[in-house]
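Asks: Residue numbers (the UniProt record's numbering): 1 to 331. We treat Cβ as the ideally placed atom computed from N, Cα and C, and that holds for glycine. All values derive from a computational prediction rather than experimental measurement.
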Ligand code: FES
Ligand SMILES: [Fe+2]
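1. Quick one: give me the first and last residue of the alpha helix (DSSP H) that residue 158 is part of.
2. List the endpoints of the continuous beta strand (DSSP E) containing residue 16.
3. Are residue 226 and residue 331 close, meaning C-beta to C-beta below 7 Å?
4. For residue 286, is the beta carbon positioned less than 6 Å from some heavy atom of ligand 2?
5. On the three-pair Cβ rule with 8 Å, is the segment 119–126 touching the segment 254–265?
6. If you drop the 5 nearest sequence neighbours on each side, which residues of the same chain put their C-beta closer than 7 Å to that of residue 329?
7. Name the DSSP beta bridge partners of residue 45, please?
8. Comparing the CB of residue 54 with every heavy atom of ligand 1, is any distance shorter than 6 Å?
9. Compute the minimum distance between the beta carbon of residue 86 and the heavy atoms of ligand 1, and state whether it is under 6 Å.
10. How many whole angstroms separate the CB atoms of residue 62 and residue 93, which I take to be in contact at a CB cut-off of 8 Å?
11. Give a single yes or no on whether residue 59 has its beta carbon closer than 6 Å to a heavy atom of ligand 1.
12. How would you call residue 4, buried or exposed, if buried means at least 16 neighbouring beta carbons within 10 angstroms?
13. As a quick exercise: from 174, 195, 191, pick the residue whose alpha carbon is nearest that of residue 183.
14. So what does residue 229 bridge to, in DSSP terms?
15. Buried or exposed: which applies to residue 187, given that a residue is buried once 16 or more other Cβ atoms fall within 10 Å of its Cβ?
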């Protein structure tokens, strides 16, 4: 059957967060990943994902329903089990064989860090283990998801950027009088790039922090998959640390959905809503900028935009995408 999938062997074989786990309940849900429609659903066995297309007449299976853990197509009621095989065609006399071709393709699907993750290819690796989102000393909290009319790569690049904190997030995460950045050294490993020990002055301390006045936080930022990144910011005076993990779902080349978890080891008495509200506000500020960028696709040719030495992490990201051969969201 015809494929609508965007061709990108690297991203196809990667895991992508596509839904909030807490919101996947009794009904199947339709999402789009790399142009491919995907149905996700929950049974007693766990979570499942399949091509969101009934082999009979191309209907979206996610518009159907679940009956005893079997996915039912809403058009003529064909039923698909969790291996993707059609096990019942209501219009066919009982006892007649069902063609082995009557099936839908199943995809990798796992539930972790509060999200449903899907891989529509052959997973090149397991979902990375992120200790800080699994550690009882920290409190993880899903935020978003945020729909953005921009390439997922542009969102990750924004996440790697420090020089915008003082302008886009003026008075929240930085201040224009403290815009100068130190020399930054990027560390490249086989499966990640990162930078660490970057001090950034923030005019008002974190929600729930011991301090209320301005504080210099020390950042570490890491991109560990083409569309997944995390950062930590620590107050060196007391060890209070906030982690943020980002996984960006490439819906198409120029549309994405951002899944985010923040995880903190302080301020447990502060309502979670305060942290969610803060992230909503900060992310909205980023999205307003990212959605205006042209070209929409991230240029991997480093001559296309003017890179400054403070953009060293973003340049490393572009180089890494180029090396990996990421196609979708790049030009
Ligand atoms: S289109 Fe799905 S059962 Fe006919
Ligand atoms: Fe930002």
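Replies: Checking against the coordinates, here is how it stands:
1. Looking at the DSSP string, the run of the alpha helix (DSSP H) that includes residue 158 is 152–160.
2. Its beta strand (DSSP E) spans residues 16–20.
3. No, they are not a contact pair.
4. Flag set: Cβ of residue 286 near ligand 2.
5. In the pairwise beta carbon analysis, the segment 119–126 is classified as not touching the segment 254–265: fewer than three pairs are separated by under 8 Å.
6. Taken in chain order, the residues that qualify are 151, 152, 153, 250, 253, 297, 298.
7. In the DSSP output, where bridge partners are listed per residue, residue 45 has none listed.
8. Indeed, a heavy atom of ligand 1 lies less than 6 Å from the Cβ.
9. With a threshold of 6 Å, the Cβ atom of residue 86 does not count as near ligand 1, since no heavy atom of the ligand is closer than that.
10. Incorrect: roughly 29 Å between the Cβ atoms, too far for contact.
11. A heavy atom of ligand 1 is found nearer than 6 Å to the CB of residue 59.
12. Exposed is the call here.
13. Between residue 183 and the set 174, 195, 191, the nearest pair of CA atoms involves 195.
14. DSSP, once it has assigned bridges, lists 223, 246 as partnering residue 229.
15. Exposed, by the Cβ-count rule.
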